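In the working numbering, the protein residues as written are 6 to 373.
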C-alpha cells in the first residue's frame, strides 16, 4: 500500500492493513523512518511490520485484555494492558524474525541497541508508567500535535512493552534454567483467556504469569510496569551473554527534537523534556524553515544544525499554525548515548545455552 508517507499497521478481526511508503521489497536505505530502524533496510522494516501484524493473530485477536472486546465502538475503551497487547506483539515480531532466520544475529542486536537508545533518550517513562501510558492512550491521537507534545511525559507502550517482555523472558529463562519462558506464558494465556472466552483482567494476567513461571513478580510489576524505575536492560541481557557498550557522543550538538518528513519539510515530531528546544519554546508540529538565514528542508536540517559547535546560539525560523516565529536556542552537548550490542567473549556456558535456546530456529530453519 502506497497510500501514506509513513509506515503503519492495523489489525482487524479477520484481516490486517499495512501501509508502506514505497513498493514492497525496495532494498534502499531506510532514510526518513524512525530512529529505531537506523542501519536497517526497507525490506527489514517491511518484514518487521508484517511479523508484528501476523503475531496479532494470537495476541489481541485471541489473547487480549478484557476491555478490548467485544466492546462498544461508540466510546473510549480504557485498559492498562496495551503494553502487553502491542509491546509483547512487538517483542514476538522481532523474535520471530530472528528465530526464522529472516534477521541474522547482528540485525537483531542492532535493532535492540537502537531501541535502548530511544528509551534512554526520551524521558516520558519517568513521568508515566507503562500501564499508565496504556490507560492514557485516549488522551492523544495519531498524527496530532497533542501526541508530539505529550511525548515529553509519555513513552509509547510499544517499545516500552517490548523491553519489558524482553526482560521478563530473560528473567524466566535464567531463573527456571530454560525450562520455562515467555512462550509458555503466552500459551497459558491463550488456553485460559483466548477467544471465545472473555479476555483477562489485570489481576488474572499477573496470576497467570506467576502460576506458569513459579516466580514472584510483585517487585517487577511495582517497579517497572506500574512504577517508573529505569529498566536495567543491560543486566537482563547479560543473562543471555549479550554485552552492551555505551558509545558517547558528547561533542555532538544537541537540540532535543525528533523530526518527521512532510513533503521534504522538516516538521518537529517530538520535543524532549528539559532539552534546549523545550526550554526555547519549540513545540510538536513546528515547521523548521531556516537556521541562521539558511533554508532548511528535511534532507539538510541535521547537517546544518550539527555543523554548529556545542554552545552555539542559533536562530531558527519556524512556522506554527500559519504564523512565522523566530526562536533562539543554545545547542547543548549530546546527553544521550548510543549503544552497541555484541555477543560477550566472556559469557558463561550457561548464558550461551540460554541464548541458543531463546533464539532456537523454528523447524526447518537455521539462524546465523
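Yeah, the Cβ is synthetic: ideal placement off N, Cα and C, and Gly gets one too.
Fair warning: this is a prediction, and the values are worked out from it, not measured in the lab.
Do three or more CB pairs link the segment 193 to 203 to the segment 254 to 264 at distances below 8 Å?
-> no
Where does residue 296 sit, in a helix, a strand or coil, going by DSSP?
-> strand
Is residue 166 closer than 9 Å to residue 71 when the C-beta atoms are compared?
-> no
Who are residue 14's beta bridge partners in DSSP?
-> 23
Compare the C-beta of residue 97 against all C-beta atoms of chain C and say whether one is closer than 9 Å.
-> This model lacks chain C altogether, as it is built from one protein chain only.
For residue 52 and residue 94, the rounded distance between their alpha carbons | 14 Å
Where DSSP assigns a beta bridge to residue 107, which residues make up the other side?
-> Residue 107 is not bridged to any residue.
Rounded C-alpha distance that separates residue 110 from residue 242 | 14 Å
CA-to-CA distance, residue 296 to residue 311, given in whole angstroms = Within the model, the alpha-carbon separation for residue 311 versus residue 296 is close to 11 Å.
Local conformation of residue 220 per DSSP, three classes | Here DSSP, grouped into helix, strand and coil, assigns residue 220 to coil.
Short Cβ contact (9 Å threshold) for residue 181 with residue 244 | no
Classify residue 95 as helix, strand or coil using the three-state DSSP reduction.
-> helix
Simplified DSSP assignment, three categories, for residue 317 | coil
Measuring alpha carbon to alpha carbon, tell me which of 15, 161, 116, 98 ends up nearest residue 85.
-> 161
Beta-carbon proximity list for residue 209, same chain, < 6 Å, skipping 5 on both sides = none
The alpha helix (DSSP H) spanning residue 301 covers which residue range?
-> Premise fails: residue 301 is in no alpha helix (DSSP H) and is neither H nor E.
Do residue 235 and residue 41 have their C-beta atoms within less than 9 Å of each other?
-> no
Between residue 36 and the rest of its own chain, which residues show a CB-CB distance below 6 Å, the 5 nearest in sequence each way excluded?
-> Any reading at residue 36 must be qualified, since the residue scores a pLDDT of 43, below 50, and its modelled position is unreliable; no value is offered.
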